[in-house]
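Undergrad: Residue numbers (the numbering used here): 1 to 153. From the three backbone atoms N, C-alpha and C, an ideal C-beta is built for every residue, glycine too. Structure incoming, see below.
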Amino acid sequence: MADTSFWNEAITLGVAMLGAGLGIMNTWQALNANRVKLRVKPAFAIDIPHGQSMFSIAVVNLSNFPITVSEVGLTLDGNNIKRPRAAVVRPILIDGGAWPRRPESREAVSIYLEHLDLIRPGSKVGLAYARTACGEVRYGVSEALKQFRKMVA
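Written out as structure tokens, the structure is:
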């Protein structure tokens, strides 16, 4: 009889721990689903009709909801937007759409710019960034950005 009681308590404890673990995972997933998630990817692009090399910044919306991307650019003399920055005021959009953009979940928007129009001489380029309409900022770096830094230095 005592042996049966032990197994009942052990199974009850195991099921209770499993339920607590699943509850924690569910809470974490719910909190994570409401976060702004963006991937910012600097790259070089070649304009096919003219053969001109341009710098681009792609912003991918990895969130579960649409996000309005209101500002894209490069940080200067530091690695955050509280320092001086070079925002792309009039980005070149290949599809001719309007700016700012509101990509849906898993959609991307790429803006193109001519690098010499954006950076003043002597500035130290930091990271590429994207800012949403609600003020969230995400940063990105790539090999193309490292090459871009050398070009404008």
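Can you tell me which residues form a DSSP beta bridge with residue 54?
TA: Its beta-bridge partners are 45.
Undergrad: For residue 123, which three-state DSSP category applies?
TA: Three-state result, residue 123: coil.
Undergrad: In this structure, how does DSSP classify residue 68 when only helix, strand and coil are distinguished?
TA: Coil, per DSSP.
Undergrad: Here's the rule: buried if 16 or more other CB atoms are within 10 angstroms of the residue's CB, otherwise exposed. What is residue 18?
TA: It is exposed - the Cβ of residue 18 has fewer than 16 other Cβ atoms within 10 Å.
Undergrad: Using the Cβ count rule (16 or more neighbours within 10 Å means buried), how would you classify residue 94?
TA: Residue 94 should be labelled exposed.
Undergrad: Determine the direct distance from the alpha carbon of residue 61 to that of residue 37, and round the result to whole angstroms.
TA: Cα to Cα, the separation comes out at about 6 angstroms.
Undergrad: Rounded to whole angstroms, what is the Cα-Cα separation between residue 22 and residue 90?
TA: Straight-line Cα distance between these residues: approximately 48 angstroms.
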